[in-house]
Amino acid sequence: MDLVTEKTNNSWIKEHPEEELYENDEVRVQVVAGHTHGLIFRSDNFKISKNSTIIYTPTTQEDIQAAIKTSETRANFKKLPLEKIFKPDDLIFEDNFESFDTSKWTHDIFMPSKFDGYLGDFTMYTDDEARIFIDNHTLRITPSLSERHGDVSFELPRYGRTCLCTSTPCAKDENANCFYKPTTDRHSGFPAPVISARISTKKTFSFTYGRIEVFAKLPLGAWLFPSVMLEPDNLNCDNRKQLRIAFATSDGLNFHFSAGAVKLVKQSAGEKNFTRISEMADISNIRPYSYHNFTMVWTSKRITLYMDSEKIGYIVNNGEYDEPYHIVLGVSAGGHLEFPDSPLKPWRDFNQDAAFQFDNSFKDCCLTQGGPKCLDKNQEERTCSKTWTPHATMAIKHVRVYAV
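Residue numbers (the UniProt record's numbering): 1 to 404.
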């Protein structure tokens, strides 16, 4: 083995002029190069034929990986496979949020549309600095109620010069997620009543298998939930697979934590339903105002979830989750999938007026009379939601991805 530590004529070279090669001799050249992002392997086979002609046979990346103990993690940067083989525990992605790094994150700017069906929540996402900003090495995302009404058309506001509204992968009309126009054809007949923010690495980084750690304080507020998850690069609109890293819900009175889970949303034959692949251990005594370390270990065999190093649960990976996933961070609200119907819930899943009822639960008599119920100006009973406090903000200190 030759160790090359210095360049010669701007190249990394090692020569053996004393070695003589003859016809039918076979030579294998293996190169291992250390790099800050991992190890780069290359293996080449040569055979000397008649007239000293060299027959070249490359060794595939799979052959190399099978011959040595390496990580099964694969990574993509800017949609292109990274031709590197990692060692277990290699750090392959990190953000400590010293500033907003546009080389890693892009804003997801869209609103639910009729094409999202009942699979969407009640949130429109923008790049408004009031909704998302970095302060003291912490990413903060703060939702708020929108002042939009269902009888007025409007374009989804966007604030960054380079951030453009983009349709969701399942939209058939590119304007459906960017412009609201009153119509009964829309799935709710009412614009998304919450404005929030969401960022992702879908344009810059994705990976298959790895350990992802998120150090965060989750949002606490009526009908809020964190979108701290992995989503597949190639989203199948009939089978939307999400890997939730951290998940918690609150009805405004109680904070209920579920350590994350695999979420599979299916729609077929015109029917839409939500299926939990695995019920993870639920924790009701979590400190909601504190930071916690949420970890997902994703391998070809299983997906395991931890909170503060405590194992919460796992599911067997039967090959269904073996494609590139990117990171998503955001705060969402309401919807038809996350909150079971109950007397405290202002809306009913899959009702046409669900978003409208959600919006009403924060306004008018609910503000002036207080309590879980109130009588509106028409003397009709209304179910109310508690006003959000500063604890509705989700705060994230860092995100790290390691090879497994």
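Glycine included, every Cβ here is placed at the ideal spot set by N, Cα and C.
When DSSP assignments are scanned along the stretch 317-381, the uninterrupted stretches of alpha helix (DSSP H) that are 4 or more residues long and fall wholly within it turn out to be 354-360, 365-368. Residue 391 sits in a helix when the DSSP states are folded into three classes.
Judged by their CB atoms, residue 208 and residue 105 are not nearer to each other than the 8 Å cut-off.
Note on residue 13: under 16 other CB atoms within 10 angstroms of its CB, so exposed under the neighbour-count rule. Taking C-beta separations shorter than 7 Å and ignoring five residues to either side along the sequence, the partners of residue 302 in its chain run 314, 315, 316, 317, following chain order.
By the C-beta criterion, the stretch 353-366 is judged to be in contact with the stretch 385-400, since at least 3 inter-stretch pairs fall below 8 Å.
Here residue 313 carries a strand assignment [DSSP, helix/strand/coil]. For the pair residue 352 and residue 87, the Cα-to-Cα distance works out to about 51 Å. By the neighbour-count definition (other C-beta atoms within 10 Å, threshold 16), residue 108 is a buried residue. Contact between residue 291 and residue 216 is confirmed by a C-beta separation of about 7 Å, below the 8 Å threshold. Between residue 401 and residue 210 the beta-carbon gap is near 5 Å, inside 8 Å, which marks them as a contact. Under DSSP, no beta-bridge partner is assigned to residue 202.
The shortest CA-to-CA distance from residue 139 to any of 195, 214, 325 is the one to 214.
As computed with DSSP, residue 210 is found in a beta bridge with 298.
In the DSSP secondary-structure assignment, residue 232 is bridged to 325. Taking all protein chains in view, the Cβ of residue 341 is surrounded by fewer than 16 other Cβ atoms within 10 Å, so the residue is classified as exposed. Counting only the Cα atoms, residue 328 lies some 21 Å from residue 312. For the pair residue 326 and residue 392, the Cα-to-Cα distance works out to about 25 Å. DSSP places residue 123 inside the beta strand (DSSP E), whose first and last residues are 123-125. For residue 339, the closest of 225, 246, 377, 308 by C-alpha to C-alpha distance is 225.
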